[in-house]
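A.B. asks:
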Amino acid sequence: MDDLYAPPSTDRTDPKRPLAAARALDPTRYVGAEALALDQREILSRGWQVVAPASALSEPGDHIVREIGGVPILLVRNGEGRLNGFLNICRHRAGPLALCDGEGAKRLRCAYHGWAYDLDGHLRTAPEMQAADGFDHRDIALERIETEVWNGLVFARTRLGPGFADIMAGIDDIVPTGALDGLNHHHSRIYDVACNWKVYVDNYLEGYHLPFVHPDLTQVVSYPDYKTELARFWSLQRSPVDAETEAYAAGEALYFFIYPNTMLNILPGRMQTNRVVANGPDACRVEFDFYYADGEAGRAEADDAFSDSVQDEDRMICEHVQKGLASGAYQPGRLSPDQEAGVWHWHNLLRDAYAACG
Ligand code: FES
Ligand SMILES: [Fe+2]
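Position one of the sequence shown corresponds to residue 615 (the working numbering), numbered consecutively onward.
#1: Is residue 928 a contact residue of ligand 2, with contact defined as CB to any heavy atom under 6 angstroms?
#2: Can you list, in chain order, the stretches of the beta strand (DSSP E) that have 3 or more residues and sit fully within the segment 673-719?
#3: For residue 774, count neighbouring Cβ atoms within 10 angstroms of its own Cβ and tell me buried if that reaches 16, exposed if not.
#4: So the alpha helix (DSSP H) residue 987 belongs to, where does it begin and stop?
#5: Within 10 angstroms of the Cβ of residue 877, are there 16 or more other Cβ atoms? Answer buried if so, exposed if not.
#6: Going straight from the alpha carbon of residue 908 to that of residue 832, what length do you get?
#7: With DSSP as the reference, identify every bridge partner of residue 887, one or two as the case may be.
#8: Cβ of residue 726 within 6 angstroms of any heavy atom in ligand 1?
#9: Helix, strand or coil for residue 898, going by three-state DSSP, please let me know.
#10: Does the Cβ-Cβ distance between residue 825 and residue 650 come in under 7 angstroms?
#11: Within its chain, find whatever has a CB closer than 7 angstroms to the CB of residue 954; leave out the 5 residues flanking it on each side and keep chain order.
#12: Beta strand (DSSP E) containing residue 928: first to last residue?
#13: Residues in its own chain within less than 6 angstroms of residue 885 by CB, not counting five upstream and five downstream?
#14: Measure the C-alpha to C-alpha separation of residue 873 and residue 723 and round it to an integer number of angstroms.
#15: Answer yes if the segment 933-945 comes into contact with the segment 799-811, meaning at least three C-beta pairs across the two stretches below 8 angstroms, and no otherwise.
#16: Indicate the three-state DSSP secondary structure (helix, strand or coil) for residue 772 in the structure shown.
#17: In chain order, what residues of the same chain lie with their CB nearer than 7 angstroms to the CB of residue 714, ignoring the 5 residues before and after it?
#18: When you compare only the Cα positions, how much space is there between residue 642 and residue 879?
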């Protein structure tokens, strides 16, 4: 047994190498509360990520609540049509301003003791605070976060990091402004997977596993024709969809991964966006939003059923991989230069981020 057991890796320098010499990321990055806290603080909080369709925030008072890097956030359209982003954390004792998505709010009233903020985040009323020395509601406002809207999708982040234009540079050459205009948000789904959030991303970034994990999907997308393109902060897997099915029209499938946790899956007449949310050291929650062109929404039911079966297959393999990574018996393996360029690119972005924060 001793001969078979590989000692845990201690190589936390985890060097960048050329693709042909590359190894996977150090397994200690996928395990434990410390690794999760680092990812939440230094990677997920600083990363632009898709949080909602702009159509969910089109009218004054429309609002959504999400979480970025473990921090509750709230986005709201104000009376003048401006999109505001805030931490969903009351300035009194950290209560929530909203508990769920909603429409038409006139005020953001904290659910704990009723402090009420206007849609620009300024505190307007605070019950029973008259006796507090020097308390002036005009001094108090919600903490703002940044938002951006790109092709009908709202992105947000909570801490400074690479700029939105730098992250998205070059995508407009493939998906120009307006290219997604005909797609309407249809429905959302959540998938919970018992693996570190990065295992889910790793798995997304290669088609290498398709013949083994997704035999049915392999009938639809042409895995040998997968092509991977790499930009600074995003990668794209392109695949012809040979045959029309109930779920998909034929054409080209574009699978964008935008660092650190957004995926755009664009097929003819259809788009699905994913955001991978860390939900514990070995748990993630993946938010799916489905969009269809007029006349294509009839595919939604078949699309959901197909998506469920693919996700079940990915969940199964990702949960096994998490156990392998956490075993202490795995050392980073070699990558396939033909099939895992996207994984290599993403692991190098992570290595850069880890190196930058020491
Ligand atoms: S925590 Fe918001 S009013 Fe008390
Ligand atoms: Fe998969």
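We put the beta carbon where it would ideally sit given N, CA and C, even for glycine.
C.D. replies: In this structure, then:
#1: Along the sequence shown, read from residue 1 onward, the residue named residue 928 stands at position 314. Residue 928: yes, Cβ under 6 angstroms from ligand 2.
#2: 677-682, 685-691, 697-701
#3: In the sequence shown, the residue the question calls residue 774 occupies position 160. Residue 774 is exposed by the Cβ-count criterion.
#4: No statement about residue 987 is possible, as the shown extent of the chain runs from 615 to 972 and does not include it.
#5: As a working mapping, residue 877 is identified with position 263 in the sequence shown. Buried.
#6: Here the question's residue 908 lines up with position 294 in the sequence shown. Here the question's residue 832 lines up with position 218 in the sequence shown. Rounded to whole angstroms, residue 908 to residue 832 spans 27 angstroms at the Cα level.
#7: What you label residue 887 is simply residue 273 of the sequence shown in a count that begins at 1. Partner(s): 878, 903.
#8: Position 112 of the sequence shown, counted from the start, is the residue given in the question as residue 726. It does: the Cβ of residue 726 is within 6 angstroms (strictly closer) of some heavy atom of ligand 1.
#9: Working through the sequence shown from its first residue, we reach residue 898 at position 284. Looking at residue 898 - three-state DSSP - the assignment turns out to be strand.
#10: For the purposes of this step, residue 825 is taken as residue 211 along the sequence shown, with counting starting at 1. For the purposes of this step, residue 650 is taken as residue 36 along the sequence shown, with counting starting at 1. For residue 825 and residue 650, no; Cβs fall outside 7 angstroms.
#11: The residue you call residue 954 lines up with position 340 of the sequence shown. Excluding sequence positions up to five before and after residue 954, its CB lies within less than 7 angstroms of the CB of 820, 822, all in the same chain and listed in chain order.
#12: The residue you call residue 928 lines up with position 314 of the sequence shown. That residue, residue 928, is in no beta strand (DSSP E); its alpha helix (DSSP H) goes 914-940.
#13: Taking the sequence shown and counting its residues from 1, the one referred to as residue 885 is at position 271. Closer than 6 angstroms at the Cβ level, and outside the excluded window around residue 885, lie 797, 905.
#14: For the purposes of this step, residue 873 is taken as the residue at position 259 of the sequence shown. For the purposes of this step, residue 723 is taken as the residue at position 109 of the sequence shown. Distance between the alpha carbons of residue 873 and residue 723: 34 angstroms.
#15: yes
#16: Stepping through the sequence shown from its first residue, residue 772 is reached at position 158. Residue 772 falls in the coil class under three-state DSSP.
#17: As a position in the sequence shown, residue 714 is number 100, starting the count at 1. Excluding positions up to five away in sequence, the list reads 679.
#18: Numbered from 1 along the sequence shown, position 28 holds the residue referred to as residue 642. Numbered from 1 along the sequence shown, position 265 holds the residue referred to as residue 879. Residue 642 and residue 879 have their C-alpha atoms roughly 30 angstroms apart.
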